[in-house]
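If you're matching positions, the sequence shown starts at 5 in the working numbering and goes up one per residue.
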Amino acid sequence: MNELKDLLRAVADGAVSVDEAALRLKAAPFADLGFAKVDLHRKVRTGSAEVIYGAGKTAAQINGILDAMLENGQKTVLITRLSAETARAVSAVHPIDYRPEARVGILGPIPKPTGLGKIVVATGGTSDIPVAEEAALTAEVEGSAVVRLYDVGVAGLHRLMGHLDVLMNASVVIAIAGMEGALASVIGGLVDCPVIAVPTSVGYGASLNGLSALLSMLNSCASGVSVVNIDNGFGAGFLANRINHMEAKP
């Protein structure tokens, strides 16, 4: 929607002709590659271009999708859940920036951050960092400034309390934790901004691969806490960026 508004403003200012604007708007809404239908109008509709989910796709398929997106003028593309082996094969055609810890590939420059403020990504432990990096990189690629606050779980609460100034100045906090998932509730009781909780599959047997943390976060007694799926760093980063770019609508 922001891109559409920018186009309309450019027409109003005379920087873009009516015919050129009409051509942009009537371009094919998707590219049918046979194995994929690439949504070329998603950024116009929602403000964010399509993101490639890498798991289960071959390097040839990913490169085909990248070709279609680049031909449509997309400058930066995010690829999530990308294995190192597939990343190497993709890079032979498109030189992506691969971040192995997050299993994320980035083609093109990370944009200059905009938005209301900064997104804080906090983890309960070091083992949660892969999910946290997926969240942080997603938010950065989408155009938000991110502050990382790792290993501040409730087992040593003083570590979190030592960063209250960072938390209280955030526009959104992403709280990522496994085990019993208590971090989200604690942070939710300290800040005046939205908190997005991400349960991770980190923990011993009864953590049930993240189910215990998920249920704890869903039952949080702190107001203003929402929850995404287990290990869904991408979903949290994307939502946090959208909140960080909210504007009043008439």
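Note that the Cβ used here is the ideal one computed from N, Cα and C, for glycine as well. For clarity, every value in this text was computed on a predicted model and none was experimentally measured.
Between the Cα of residue i and those of the options, spot the shortest distance and give me the residue it belongs to.
| i | options | result |
| --- | --- | --- |
| residue 215 | 233, 131, 225 | 233 |
| residue 55 | 85, 210, 171 | 85 |
| residue 71 | 43, 49, 138 | 43 |
| residue 192 | 183, 170, 230 | 230 |
| residue 38 | 177, 15, 236, 65 | 65 |
| residue 209 | 224, 183, 226, 188 | 183 |
| residue 158 | 122, 177, 111, 185 | 185 |
| residue 49 | 135, 69, 11 | 11 |
| residue 187 | 47, 128, 236, 175 | 128 |
| residue 131 | 91, 180, 16 | 180 |
| residue 237 | 13, 25, 57 | 57 |
| residue 165 | 34, 175, 190 | 190 |
| residue 110 | 121, 91, 123 | 91 |
| residue 121 | 174, 235, 224 | 174 |
| residue 107 | 123, 97, 83, 33 | 83 |
| residue 93 | 18, 62, 113 | 62 |
| residue 51 | 9, 76, 14, 18 | 9 |
| residue 81 | 75, 87, 112, 97 | 112 |
| residue 245 | 151, 75, 97 | 151 |
| residue 135 | 17, 21, 241, 224 | 241 |
For residue i and residue j, what's the separation of their Cα atoms in angstroms?
| i | j | result |
| --- | --- | --- |
| residue 95 | residue 212 | 36 Å |
| residue 194 | residue 243 | 20 Å |
| residue 172 | residue 196 | 7 Å |
| residue 133 | residue 239 | 15 Å |
| residue 89 | residue 205 | 24 Å |
| residue 125 | residue 155 | 11 Å |
| residue 3 | residue 250 | With the chain represented from 5 up to 254, any question about residue 3 goes unanswered, as that position is not in the structure. |
| residue 177 | residue 23 | 43 Å |
| residue 162 | residue 247 | 29 Å |
| residue 73 | residue 153 | 33 Å |
| residue 2 | residue 235 | Because the chain in this structure spans residues 5 to 254, residue 2 falls outside the shown range and cannot be described. |
| residue 60 | residue 99 | 20 Å |
| residue 25 | residue 41 | 24 Å |
| residue 34 | residue 46 | 9 Å |
| residue 160 | residue 167 | 13 Å |
| residue 53 | residue 75 | 13 Å |
| residue 97 | residue 14 | 35 Å |
Per DSSP, which residues does residue i bridge with? Please list them.
| i | result |
| --- | --- |
| residue 230 | 200 |
| residue 163 | Paired residue(s): none; residue 163 is not in a bridge. |
| residue 149 | 122 |
| residue 47 | Looking at the DSSP assignment, residue 47 forms no beta bridge with any residue, so it has no partner. |
| residue 56 | 83 |
Reducing DSSP to helix, strand and coil, say where residue i ends up.
| i | result |
| --- | --- |
| residue 80 | coil |
| residue 127 | strand |
| residue 85 | coil |
| residue 180 | strand |
| residue 155 | coil |
| residue 235 | coil |
| residue 111 | strand |
| residue 9 | helix |
| residue 61 | coil |
| residue 100 | coil |
| residue 34 | strand |
| residue 42 | strand |
| residue 251 | coil |
| residue 105 | coil |
| residue 134 | helix |
| residue 194 | coil |
| residue 223 | coil |
So, does the region 188–202 touch the region 101–112, judging by three or more C-beta pairs under 8 Å?
no
Using 8 Å as the Cβ pair cut-off and three pairs as the minimum, do the region 133–151 and the region 214–230 touch?
no
Would you check if there are 3 or more beta carbon pairs closer than 8 Å linking the region 109–117 to the region 130–140?
no
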